[in-house]
Amino acid sequence: MVCIFDGRFAVKSYEEMRREMEDLLKRSEQLRAESASAMEESDSLRRRSVDMRQLDPEQAESLWIESDELRTKARELMRESVELRIKAADIKHRLDIHEQIESIPDKAEKLWRKAVRG
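Residue 392 is where the sequence shown starts when you use this note's numbering, and the numbers rise one by one after that.
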């Protein structure tokens with residue numbers, strides 16, 4: 392199977408592409424989980440910041456800033472996760488097309504036999 396990679400042609404086997412797709416999906420899921428964890432931690436820091444606002448405004452502000460940084464990190468992780476999912480979907484699409492092309496001779500042979508018989 393031939394793939395276009397950075398403007399050049401690269402030859403990859405069906406199995407290599409399938410493994411690459413699976414690896415991308417696995418990494419995407421890991422990033423999504425890291426994003427969710429960072430967002431939960433951010434929420435926890437925000438709650439602590441609100442609770443602490445009256446007692447120690449400086450510490451509360453520090454927690455809020457840390458929470459914002461975690462939210463930024465969580466969004467970036469989610470963006471990367473989605474990007475990897477899109478790449479995996481592109482590879483899946485190529486694999487599906489490859490499977491369809493390979494099945495054409497079988498379908499043509501069946502149609503020919505049917506036509507000859509009947």
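Cβ atoms here follow ideal geometry from the backbone N, Cα and C, with glycine treated the same way.
By the Cβ criterion, the stretch 471-484 is in contact with the stretch 417-425, since at least three pairs of Cβ atoms, one from each stretch, lie closer than 8 Å.
In the DSSP assignment, Q491 falls within the alpha helix (DSSP H) that extends over P448 to R508. Contact check for S433 against L461 passes: the beta carbons are separated by less than 8 Å.
A451 and L422 have their C-alpha atoms spaced approximately 29 Å apart. Membership of S433 in the alpha helix (DSSP H) is indicated by the continuous run Y405 to M443. I492 and E425 have their C-alpha atoms roughly 39 Å apart.
Non-local beta-carbon contacts of K505 in its own chain, meaning distances under 6 Å to residues more than five positions away in sequence, are absent.
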